[in-house]
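Just so you know, the protein sequences line up as chains A and B, in that order.
139 is the number that this note's numbering gives to position 139 of the first sequence; each next residue is one higher, with no gaps.
To convert, count from 1 in the second sequence and add 166; that's this note's numbering.
Report on the following structure.
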Amino acid sequence: MSTVNYVGQALKNLFSKPATCKYPFEPREFPERTRGHVENDMDKCVLCGLCQMRCPTGAITVDKKEQTWAIRPFSCIQCRSCVDNCPKKCLSMDRQYQEPGERKIEKKFDLSDSQKEALAAQAKAAAEKAAAAKAAMEAKKKAEEEAAAKAAEAGDTAGAAEAPKE
Amino acid sequence: MSSRSVIPFGPQHPVLPEPIHLDLVLEDEKVVEAVPSIGFVHRGLESLVTKKDFKEMVYVAERICGICSFGHGFGYCDAVEHIMDIQVTERANYLRTILFELSRMHSHILWLGLMADAFGFENLFMDTWRIREKVLDMLEAATGGRVIFSILDVGGLRKDIPDDMLKGFLPVLKDIEKELAVDIRTFLNDGAVKSRLCGVGVLSAEEVENLGCCGPFLRGSGVKRDSRKLGYAAYDDIDFDIVTSTDCDTYGRTYVRANEILQSIRIIRQAVEKIPAGEVMVPVKGFPNGEHMTRLEQPRGEACYYVKANGTKFLERMRVRTPTFANIPALTQTLQGCELADVPILVVAIDPCISCTER
Ligand code: SF4
Ligand code: SF4
Chain A
1 MSTVNYVGQA LKNLFSKPAT CKYPFEPREF PERTRGHVEN DMDKCVLCGL
51 CQMRCPTGAI TVDKKEQTWA IRPFSCIQCR SCVDNCPKKC LSMDRQYQEP
101 GERKIEKKFD LSDSQKEALA AQAKAAAEKA AAAKAAMEAK KKAEEEAAAK
151 AAEAGDTAGA AEAPKE
Chain B
167 MSSRSVIPFG PQHPVLPEPI HLDLVLEDEK VVEAVPSIGF VHRGLESLVT
217 KKDFKEMVYV AERICGICSF GHGFGYCDAV EHIMDIQVTE RANYLRTILF
267 ELSRMHSHIL WLGLMADAFG FENLFMDTWR IREKVLDMLE AATGGRVIFS
317 ILDVGGLRKD IPDDMLKGFL PVLKDIEKEL AVDIRTFLND GAVKSRLCGV
367 GVLSAEEVEN LGCCGPFLRG SGVKRDSRKL GYAAYDDIDF DIVTSTDCDT
417 YGRTYVRANE ILQSIRIIRQ AVEKIPAGEV MVPVKGFPNG EHMTRLEQPR
467 GEACYYVKAN GTKFLERMRV RTPTFANIPA LTQTLQGCEL ADVPILVVAI
517 DPCISCTER
C-alpha cells in the first residue's frame, strides 16, 4: 500500500511516444471491415430498388423514371444492409467516414450513359420479347380457336351423319 | 442546528457522461436526501417496434445504448429467436460470446477511467482509456464498427469472423492484461485512491437484495449472482468465476469490475480455443408469433428483454428493463448521508447509463 504506486507508469508516459496519432498529418489506417460510407458504382446499378426497400432508415431513394439513385448520407447509419442486399454488387462500403457538413444534404447520382444505354437496350429487348410472346400467344389462341371450330364442324357433320342411322 | 439547502446536480455536470438530474438536499456538507429525475433523453424506441420490420428492429435495439450496444442487440435477437424457435449455430454462439466479452471489457475499462476521473486521478483516467482503445480496435477489425457493431441478426451473425483474426486477438489480450495490471494495482492498492473509495456508499448484501440491484453493484456487496451462469450463447461450455467482494462499498465495486475484465479475457481465450467451424447464420422464414422474456448479463448488470409478436412482420410490444434502472434506487439510498464531495463517486459507482434507462 503505497501512494507512489503509479509513479513508474507516470514517468514512462512522460518519456514515451504519445499514444494518439498526429491526425491530420498522419491519416488513420482503417481495418478492412470499417463501415465508413456507402458508394454506388453507377456503371452497374440497374435501379431495381432493393437497396431502398432494405434500408432501415429510408436513406436511399431510387427514381426509375429520372434514372437517378440518391442517398442522404446524414440519415445513413452505416448498417451495411443495402450493400449486402444489392443483387448487382454495385454498392460498396467505403472505409473513410462521411465528411461532416453544414446541412443535411442529399447526394444524387445519374446513371452512367453506358448503363443508361444498356438498360434501354435491355428494356427494348424485354419489350420485344414480350411483344413476341404476345404475338405467339395470339397465334396459338387463334390456332386453337380454329381447331375448336373445325372440331365443332366435324362434330356437327358427324352428328348429321349419325342422325339418319337412328 | 443548520438550515437545509438544495443543490441541483446535473443534467449537465462534468462528472456525468449522460444526463440525470439530482436534487441534493444538503445540511452543511452532508447530503440528507437525493431526489433523482430522469427523462432528458427519452426517444420512444420501444414503441418503434410497431413501425419497423422485426429484422430492422435489431439496428434500433443496438442503438438503445452506445456502450452495451452488443448486449442490447443480443437480448433482442435472443428473444425473437426463442419465439421463432430458431436454433443458432454453435459457431455463431461462440462468436457472440467473444464479442459480448470484448464489449464487456471495453465497458468496464471505460468505467475504471470514469471512476479515476471522478476522484480526480487524470493520469490514471487517460491510461485506462488508452488501453480501452485496443479493445475498440479489435472490435472494429472484427465487426467494422467501434461501438455500434451491426453484426447481429435474427438467426445468427451477418458476417463470420475468420479464425486467424480471432487468433490474432490473443497476443493483444496478453498486452492488455499486462498493461492493465499496473492500473488495477493502482486502483486497488494505492493509499490515496483507497481513501476515496473505502467505506463510501456502504450497502449490505441484504440491502442490495431488497433494493433489487443487479450486476457488479450487487456482486460488490457479496451476492454471488450472474446471469451468464444461465448458460445462454456459449457460456455453458466455458469455465469462469463470478467475482464478488464482501467490502460492500465503492472499493468492492471497483474490485469486482477490475477483476471481471480479467475474467472476460479468460472467457475469450477459452472461446477462441474451442470455437467450432461451421456456418454463422441459419435461414429465417416467416414471422414471429408468441412472446418471450430473455434475461442476460450486460456489463452493467442484468437486463430483461420482453418481446411479444403477433405473426405479422411488426412486433406488438417490446419492453427493456435495463440494469441502470434497477440500480437507481440504490443510488438514492447511498447518497443519503454522504458528503457532497463523494456524490460524483457514488453516481459513477452504479455505472449509470441513462440513455439505456430512458430508451
Ligand atoms: S440494389 Fe443495387 S442495383 Fe438495385 S437499385 Fe440499389 S444499388 Fe442499384
Ligand atoms: S448502410 Fe444502412 S442505413 Fe445506410 S444506406 Fe445502406 S441500408 Fe441505409
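Backbone N, C-alpha and C define an ideal beta-carbon position, used for all residues, glycine too.
Treat the numbers as computed from the prediction; the structure is a model and nothing was measured.
Report back the beta-carbon spacing between residue i and residue j to the nearest angstrom; my notes put them in contact at under 8 Å.
i      : j      : result
T533/B : C522/B : Summary: the structure shown does not reach residue 533/B, with chain B confined to residues 167 through 525, and so no result is reported for it.
A515/B : T352/B : About 18 Å; that fails the 8 Å criterion.
A307/B : P27/A  : No, A307/B and P27/A are not in contact; Cβ-Cβ is about 18 Å, not under 8 Å.
V62/A  : Q52/A  : 5 Å
F206/B : P177/B : 5 Å
Which residues does DSSP pair with residue i in a beta bridge?
i      : result
T460/B : Y471/B
M171/A : In the structure as shown, chain A starts at 1 and stops at 166, and residue 171/A therefore has no counterpart that could be examined.
A70/A  : T61/A, K108/A
R487/B : C470/B
N322/B : Note on residue identity: the sequence assigns Gly, not Asn, to residue 322/B. G322/B pairs with D319/B, M447/B.
H238/B : H238/B pairs with nothing; no bridge assigned.
K17/A  : DSSP, once it has assigned bridges, lists no residue as partnering K17/A.
K196/B : E193/B, E505/B
S203/B : H187/B
N527/B : Here chain B has residues from 167 to 525 only, and residue 527/B is not among them.
For the alpha helix (DSSP H) containing residue i, name the first residue and the last one.
i      : result
E345/B : 329-355
R423/B : 416-440
P454/B : No alpha helix (DSSP H) contains P454/B, which DSSP labels as neither H nor E.
E373/B : 371-376
V254/B : It is not in any alpha helix (DSSP H) - V254/B carries neither H nor E in the DSSP assignment.
P382/B : 382-385
L512/B : 509-515
K300/B : 288-309
S81/A  : 81-85
I520/B : 520-524
L50/A  : 50-54
Should residue i be labelled buried (16 or more other beta-carbon atoms within 10 Å of its own) or exposed?
i      : result
R35/A  : buried
T20/A  : exposed
M271/B : buried
G386/B : buried
E162/A : Note that E162/A scores 49 on pLDDT, short of 50, meaning its location in the model is unreliable; the coordinates nonetheless yield the value given after this. With fewer than 16 Cβ atoms within 10 Å of its Cβ, E162/A is classed as exposed.
L11/A  : exposed
P449/B : exposed
Q429/B : buried
E166/A : Residue placement at E166/A is flagged as unreliable, the pLDDT there being 41, under the threshold of 50; the coordinate-derived value follows with that caveat. Exposed is the call here.
C48/A  : exposed
K141/A : exposed
R525/B : buried
M137/A : exposed
H208/B : exposed
A160/A : Residue placement at A160/A cannot be trusted, given a pLDDT of 49 that sits under 50; what the coordinates show is reported in the next sentence. A160/A comes out exposed.
From this set, the options, which residue's C-alpha is nearest residue i's C-alpha?
i      : options                        : result
S171/B : E195/B, V181/B, R209/B         : E195/B
A399/B : V422/B, G322/B, G357/B         : G322/B
K44/A  : D113/A, A131/A, A132/A         : D113/A
N259/B : N289/B, R485/B, I434/B         : I434/B
C79/A  : Y472/B, E222/B, L363/B         : E222/B
C243/B : I317/B, I297/B, E345/B         : I317/B
C55/A  : A149/A, F109/A, C76/A, A154/A  : C76/A
K88/A  : Q96/A, Q67/A, N40/A, K124/A    : N40/A
G444/B : L261/B, F315/B, R312/B         : L261/B
V359/B : R461/B, I511/B, R525/B         : I511/B
I427/B : A227/B, L396/B, L278/B         : L278/B
L290/B : G232/B, I342/B, V301/B, I350/B : I350/B
K107/A : P24/A, F74/A, A143/A           : F74/A
R229/B : P454/B, G397/B, W295/B, F315/B : F315/B
C414/B : A424/B, C364/B, N455/B         : C364/B
V7/A   : S235/B, F287/B, T263/B, L188/B : F287/B
V338/B : G367/B, V226/B, L302/B, I494/B : L302/B
E482/B : V513/B, E457/B, Y471/B, V446/B : E457/B
K300/B : V226/B, I342/B, R324/B         : I342/B
P454/B : R461/B, F383/B, A475/B         : A475/B
How far does the beta strand (DSSP E) with residue i in it reach, from first residue to last?
i      : result
R170/B : 170-175
Can you find a heavy atom of ligand 3 that lies under 7 Å from the Cβ of residue i?
i     : result
V62/A : No copy of ligand 3 appears in this structure; the ligands present are ligand 1 and ligand 2.
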